[in-house]
Structures are given as C-alpha cells and as structure tokens.
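Asker: Structure in structure tokens, see below.
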C-alpha cells in the first residue's frame, strides 16, 4: 500500500487548489493525494474516482518523488522569448506593408533571409498574434488620384448627403457596368469533397451593359436601371437622365468623367436639364470609391446572379435584370453604410 503522508501546509495548499478552477485531470490528482493522506488504498481510490488502479499508483509515486509538480501532466516549457517574438512581429509587419501579395510559405522564406527560421504553421500563429488577416486583393486607382481634388469632392458629397437626408434635394449616384456571359468566380457552399465548376463562355460581342442610378437617401431608397446589348453613348445617358422620377426638389446626379458623360451633347443639354431640376456633379478622375453605386454593382454581380454562366446574350440580359430587381426589393432595409458582404 502506498501512503502519501503530507504536512499541514501542503494539505492546506492542496485543499485551496481544489477550490479553484483547475483542469479536471489536475483535480483528480489532487483528490487521489488527499484521499491517500486520509488512509484510502489505491484500489479504493480508483473505484471511487472511476479510474485505473495503476493510474492512482503512478500519481502517488510521482507525488512522492516530485511533490506538487506531479499534479500537472506536463512540465511547463521554457519561458517565452519575448524579444524574439517581438522581432518576428516587427519583421512580419514590415513585410506585409510591401506592395505585393504574401502566402505563409513566402513569409517563411523571407523571414529565413533575416535569420528567423519558422515553418509555415508557425508563421500563421505569429500572423494571428498580430491580428493579420487573409483577404482577397482588390484593384485601386488611388495612386493616380489628385488628393486635393478627392478631398474637396469628399466634402462636397458630405454636404450633398446631409441635404438629401434633410429632404432638401434628391441625390443620385450614376454609373455603368458590364456583364460578361461568364461572370467572375467566387465562393460557394458545396458537398463534401466536391467543387463547383462554372462553364466558361467566350465574351466577344456577347456582353450586356447596365446603366443605373442609385438613390440611397430619403424615406424610400430607389434603384433605376436600364440594360442594353450594346455600348452606351451620350444620347442614351441624356434619355436616362430625363427619365429619372420627377421630384419637386432639385435632383443632383453624381457621375464620373467618362467620355460620353462629358461630351458636347451632354454639355449642351445641361441648361435644359437644369431647367427640369436635374444637376450634374462630376467626380474627380480615378475616384470610383466616391460613387456609392459601385457597391451596388459589386453586390449584384457577385450575389444576385447565382447562375454564373450563360450560353446566350438573351439569357444573360434576363439574369442581369432579375439580379437588379431582386437587389432593389431589399433597398428599404439597406443604408449606404451597411451593404451585404460580397462573395
């Protein structure tokens, strides 16, 4: 019979430990030692705790040999090297700031060049520690923008949005978007060990174009859309502007500097448009992020058209119109700052 006589100080420490939240395995070991100190035999302790008798004997022998360290199934490892961890974090932040894409394997190789040897899994743990994330890359035109013009346009748009919120004017964001017979691939749920494949269709002379005006502010958000199986021209834009819903308030249309947006036809018609209460505001070059309708196009293209391939242009046009219609039905529950995530 193995006896584990303990002094009062150790007994008090074990009882205090038992009252604290500890792992179940450690709690069982504390109970084994206290019951043995109370005179219980190893077989009796095993029956009481529902464990193997040999397990009880191993725990008691380990306690006699190592004391309280035997309560824990594994010895604690060495203290973390905080200086090395901080160095890895600094190197990762420097690498991620570069204008290129990274995988964990590429980061591992780049760190090795700096004398830091880490595997891909270790790199991912360090990335998680610095709260880095793995996202799709995205196009940008900010490197071509004039910061002063973009900042001024931002202030003007803020003023227009405030007036639209107050009901002083009606604000539209207008642009065009093209749809190919094979839409961009994205993510989809699928059955285990299966992958969804999209049939590729050549896009030559089979695209469908949409012209849309998005009114996000006011009591009832609205989306005006027109589709065609050809490219747009200035007369299409002029007709679209004249067809916007009538309003007793001024209607301000925000649009970019596409060539047919600024053509002679549109310039000559601006006075006529102003007489009917329609005013055009042109965004600075290379600033699509200021046009709120870009988010609408992204949502429709990635979410509202679940079929991603169309053998005929007619089918594609019907799908595009249905996608815009489905998205427009949800507009009253949306706000410009909260769109559904794309893809």
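In my numbering, the protein residues as written are 112 to 454. Backbone N, C-alpha and C define an ideal beta-carbon position, used for all residues, glycine too. Note that the coordinates shown come from a computational prediction; the quantities given were computed from them, not determined experimentally.
With residue 362 as the anchor, note down where its beta strand (DSSP E) starts and where it stops.
Answerer: Run containing residue 362: 362-366, per the beta strand (DSSP E) assignment.
Asker: What runs of the alpha helix (DSSP H), each 4 residues or longer, lie entirely inside the stretch 251-332?
Answerer: Listed in chain order, the complete alpha helix (DSSP H) runs (minimum 4 residues) inside the stretch 251-332 are 258-276.
Asker: Output needed for residue 164: all residues of its chain with C-beta closer than 7 Å, excluding positions within five of it in sequence on either side, in chain order.
Answerer: Cβ neighbours of residue 164 beyond the five flanking positions: 153, 154 and 157.
Asker: Which residue's Cα is closest to the Cα of residue 121: 219, 148 and 255?
Answerer: Selected option, being the one with the closest Cα: 148.
Asker: From the DSSP output, read off the bridge partner residues of residue 338.
Answerer: DSSP output for residue 338 lists 321 as bridge partner(s).
Asker: Indicate the three-state DSSP secondary structure (helix, strand or coil) for residue 156 in the structure shown.
Answerer: Note: residue 156 maps to helix in three-state DSSP.
Asker: With DSSP run on the structure shown, which of helix, strand or coil describes residue 133?
Answerer: Residue 133: coil per DSSP, three-state reduction.
Asker: Hey, would you say residue 365 sits closer than 8 Å to residue 283, going by beta carbons?
Answerer: Result yes, Cβ atoms of residue 365 and residue 283 sit closer than 8 Å.
Asker: Residue 310 and residue 420 - do their beta-carbons sit closer together than 8 Å?
Answerer: Closer than 8 Å, so yes.
Asker: DSSP state of residue 245, grouped into three classes?
Answerer: It is coil, neither helix nor strand.
Asker: CA-CA distance, residue 175 and residue 189?
Answerer: The alpha-carbon atoms of residue 175 and residue 189 are separated by roughly 24 Å.
Asker: Going by alpha carbons, who is nearest to residue 333 out of 139, 403, 213 and 239?
Answerer: Nearest option by C-alpha distance: 403.
Asker: Could you check whether residue 428 and residue 319 sit closer than 8 Å to each other, using their CB atoms as the reference points?
Answerer: Taking 8 Å as the Cβ cut-off, residue 319 and residue 428 qualify as a contacting pair.
Asker: Considering just the uninterrupted stretch of the beta strand (DSSP E) at residue 392, what are its terminal residues?
Answerer: Counting along the chain, the beta strand (DSSP E) containing residue 392 begins and ends at 389-393.
Asker: Span of the alpha helix (DSSP H) holding residue 169?
Answerer: That run of the alpha helix (DSSP H) goes 164-177.
Asker: Relative to the C-alpha of residue 219, which residue among 210, 206 and 211 is closest?
Answerer: Ranking the options by Cα distance to residue 219, first place goes to 206.
Asker: Quick check on residue 420: does DSSP put it in helix, strand or coil?
Answerer: Here residue 420 sits in strand by DSSP.
Asker: Do the CB positions of residue 423 and residue 360 come within less than 8 Å of each other?
Answerer: The answer is no: Cβ separation not under 8 Å.
Asker: Residue 380 and residue 349 - do their beta-carbons sit closer together than 8 Å?
Answerer: Result yes, Cβ atoms of residue 349 and residue 380 sit closer than 8 Å.
Asker: Evaluate residue 383 with the Cβ neighbour count: other Cβ atoms within 10 Å of its Cβ, from every protein chain shown; 16 or more gives buried, anything less gives exposed.
Answerer: Counting Cβ neighbours within 10 Å, residue 383 comes out exposed, since fewer than 16 surround it.
Asker: State buried or exposed for residue 250, treating a residue as buried only when at least 16 other CB atoms are found within 10 Å of its CB.
Answerer: Exposed, by the Cβ-count rule.
Asker: Give me the residue from 385, 433, 416 and 394 with the minimum Cα distance to residue 257.
Answerer: For residue 257, the nearest C-alpha among the options comes from 394.
Asker: For residue 138, name the three-state secondary structure that DSSP assigns.
Answerer: Residue state, collapsed to three classes: helix.
Asker: I'd like to check one pair, residue 295 with residue 314: are the Cβ atoms closer than 8 Å?
Answerer: Going by C-beta atoms, residue 314 is not nearer than 8 Å to residue 295.
Asker: Drop a sphere of 10 angstroms on the beta-carbon of residue 372, count the other beta-carbons inside from all chains shown, and report buried for 16 or more, exposed for fewer.
Answerer: So residue 372 counts as buried.
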